[in-house]
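K.L.:
Chains as they are written, first to last, in the numbering used here: chain A, 148 to 355; chain B, 148 to 355.
All C-beta atoms in this analysis are idealised placements derived from N, C-alpha and C, irrespective of residue type, glycine included.
Since we're looking at a predicted model, the values are computed, not measured.
Here it is, the structure in full.
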């Protein structure tokens, strides 16, 4: 659990290694060659509901990036924006930046709540007969179809190059099979996943 | 339905006036004194599922901001970032900008899917006995409690002043009663709503 630390680098990350939202943060730090210390949090053991954790993030969710002794940044995609600010991973052009953000909001609204939640139900809770799965599966495939349409014409999601929008969508998409999603029908998505894995610092997430 | 337009101002917005996600865009345009033309879209009549609409946003959701003849930006909070870029509504400091984004991702992940969806079920579908409402109500109150804790110590959500993070959270919070949420237990939220309404260009959303 968190102790007061120096405001200097390395960054401290409070996260769960098998969570895609947390893996995004690791990918951005690795891609940017930023040093960090990783504090493993076990969500299933209630470690995001302790008073110490809620003091860092009142919303009780991982990941959290510690900025200094008293400043903690939650929300995976906001952490990506913070880490990548000023780098080649965060487009400098106003429209490209907004398009990257649009894909990151798409990820948190239309993709993660289906594909990541289905994976959580199947792989962490081990409930393959959960009544939520059919609807999550339908909506998850709709999100994948939107990605397939874009990637059939573009190599990456924004600015014509690899950015934090790709990191945000890579995290749960490359483990979509663990949520019961067969990517065989999405050749452009599969080719993009391979392009992502060829980028500096990008690695697969550990399976639960 | 959309026709080719000049890339010059005014912006064109495709939106639903009684949708909080769309009202956010109107608020940002009004707050920034930007001219715009509003194209009303009736979601319940299927107007977001037509080929013309899906050509603008393959994800089939309002709002959409038309940038030029061939460029359409979806996702309400990404549109706010685009419109406010370089203005006083979008913090220039790296950390403050990331904190504003963290609240905007919180809004789309933890707030809107409960408070807006409960409002949609009650006010648009008119199903007060919908079985999803108890869980949406529980999670919506959790989101309001997180906001209350922050606003009991801060006047606005980021950078110590009114920003697009406030616009993003204002939209559905000030109509939370229509989703069955009583704000009586959230005095700091109610005071913040009043502060928002005192800002230039900020107005209440029409009820359905």
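Pop quiz: residue 283 of chain B and residue 336 of chain B are said to be a contact at Cβ under 8 Å. What is the actual Cβ separation, rounded to whole angstroms?
P.N.:
Cβ-Cβ separation between residue 283 of chain B and residue 336 of chain B: approximately 18 Å, too far for a contact (criterion under 8 Å).
K.L.:
Using a cut-off of 7 Å between C-beta atoms, extract the partners of residue 249 of chain A located in chain B.
P.N.:
220, 221, 222, 225
K.L.:
Looking at residue 349 of chain A and residue 177 of chain A, is the spacing between their C-beta atoms short of 9 Å?
P.N.:
Result yes, Cβ atoms of residue 177 of chain A and residue 349 of chain A sit closer than 9 Å.
K.L.:
When the Cα atoms are used, what is the spatial distance from residue 198 of chain A to residue 239 of chain B?
P.N.:
32 Å
K.L.:
In the DSSP assignment, find the alpha helix (DSSP H) that holds residue 237 of chain A and state where it starts and stops.
P.N.:
Per DSSP, residue 237 of chain A is not a residue of any alpha helix (DSSP H), being assigned neither H nor E.
K.L.:
From what residue to what residue does the alpha helix (DSSP H) around residue 198 of chain A run?
P.N.:
198-203
K.L.:
With a floor of 4 residues, list each alpha helix (DSSP H) that falls wholly inside the region 240-307 of chain A, ordered by position along the chain.
P.N.:
Segments of the alpha helix (DSSP H) lying fully in the region 240-307 of chain A: 241-253, 280-298.
K.L.:
Can you confirm whether residue 325 of chain B, when its beta carbon is compared against all beta carbons of chain A, has any partner nearer than 9 Å?
P.N.:
no
K.L.:
Buried or exposed for residue 341 of chain B, going by 16 or more other Cβ atoms inside 10 Å?
P.N.:
exposed
K.L.:
Residue range of the alpha helix (DSSP H) that residue 230 of chain A falls in?
P.N.:
223-231
K.L.:
For the alpha helix (DSSP H) holding residue 313 of chain A, just list the boundary residues, first then last.
P.N.:
Note, residue 313 of chain A: alpha helix (DSSP H), 311-320.
K.L.:
Does DSSP put residue 162 of chain B in a helix, in a strand, or in coil?
P.N.:
strand
K.L.:
Give the secondary structure of residue 208 of chain B by DSSP, where H, G and I count as helix, E and B as strand, and everything else as coil.
P.N.:
If DSSP states are grouped into helix, strand and coil, residue 208 of chain B belongs with coil.
K.L.:
Closer than 9 Å, Cβ to Cβ, to anything on chain A: give me those residues from the region 283-305 of chain B, in chain order.
P.N.:
289, 290, 292, 293, 296, 297
K.L.:
For residue 351 of chain A and residue 281 of chain B, what's the separation of their Cα atoms in angstroms?
P.N.:
37 Å
K.L.:
Compute the distance between the beta-carbons of residue 190 of chain A and residue 218 of chain A, then report whether it is under 9 Å.
P.N.:
The Cβ atoms of residue 190 of chain A and residue 218 of chain A lie no closer than 9 Å to each other.
K.L.:
Excluding sequence positions up to five away, which residues of its chain have a Cβ less than 6 Å from the Cβ of residue 277 of chain A?
P.N.:
268
K.L.:
By Cβ distance, which residues of its chain are closer than 7 Å to residue 166 of chain B, with the 5 residues on each side in sequence left out?
P.N.:
209
K.L.:
Taking Cβ positions only, does residue 335 of chain B come closer than 9 Å to chain A?
P.N.:
No, because no Cβ of chain A sits closer than 9 Å to the Cβ of residue 335 of chain B.
K.L.:
Roughly how many whole angstroms lie between the Cα atoms of residue 172 of chain B and residue 317 of chain B?
P.N.:
Rounded to whole angstroms, residue 172 of chain B to residue 317 of chain B spans 12 Å at the Cα level.
K.L.:
Please report how far the alpha carbon of residue 355 of chain B lies from the alpha carbon of residue 184 of chain B, in whole angstroms.
P.N.:
21 Å
K.L.:
If you follow the beta strand (DSSP E) that residue 347 of chain A is part of, which residue opens it and which one closes it?
P.N.:
Run containing residue 347 of chain A: none; DSSP gives neither H nor E here.
K.L.:
Roughly how many angstroms separate the alpha carbons of residue 309 of chain B and residue 315 of chain B, rounded to a whole number?
P.N.:
The alpha-carbon atoms of residue 309 of chain B and residue 315 of chain B are separated by roughly 11 Å.
K.L.:
On the three-state DSSP scale, how would you describe residue 329 of chain A?
P.N.:
coil
K.L.:
Step through the CB atoms of chain A and report whether any lies within less than 9 Å of the CB of residue 259 of chain B.
P.N.:
yes
K.L.:
Starting from the Cα of residue 353 of chain A, find the closest Cα among A:321, A:226, A:288 and give me that residue.
P.N.:
A:321
K.L.:
Under DSSP, the beta strand (DSSP E) around residue 186 of chain A begins and ends at which residues?
P.N.:
183-187
K.L.:
Which residues in chain A sit within 9 Å of residue 330 of chain B, going by Cβ to Cβ distance?
P.N.:
Those within 9 Å of residue 330 of chain B in chain A number zero; the least Cβ separation is about 18 Å.
K.L.:
Measure from the alpha carbon of residue 285 of chain A to the alpha carbon of each residue in A:205, A:237, A:174, A:328, then state which is nearest.
P.N.:
A:328
K.L.:
If the cut-off is 7 Å on Cβ atoms, which residues from the region 227-241 of chain B count as contacting chain A, listed in chain order?
P.N.:
228, 229, 232, 241
K.L.:
Using alpha carbons as the reference points, say which of A:289, A:174, A:206 lies closest to residue 259 of chain A.
P.N.:
A:289
K.L.:
For residue 268 of chain A, which residues in chain B fall below 8 Å Cβ to Cβ?
P.N.:
None at all; the shortest Cβ gap to chain B is about 15 Å.
K.L.:
Given that residue 246 of chain B touches chain A, what residues does it touch there, using C-beta distances under 8 Å?
P.N.:
220, 225
K.L.:
Pop quiz: residue 226 of chain A and residue 319 of chain A are said to be a contact at Cβ under 8 Å. What is the actual Cβ separation, rounded to whole angstroms?
P.N.:
Contact flag wrong, Cβ pair sits at about 16 Å.
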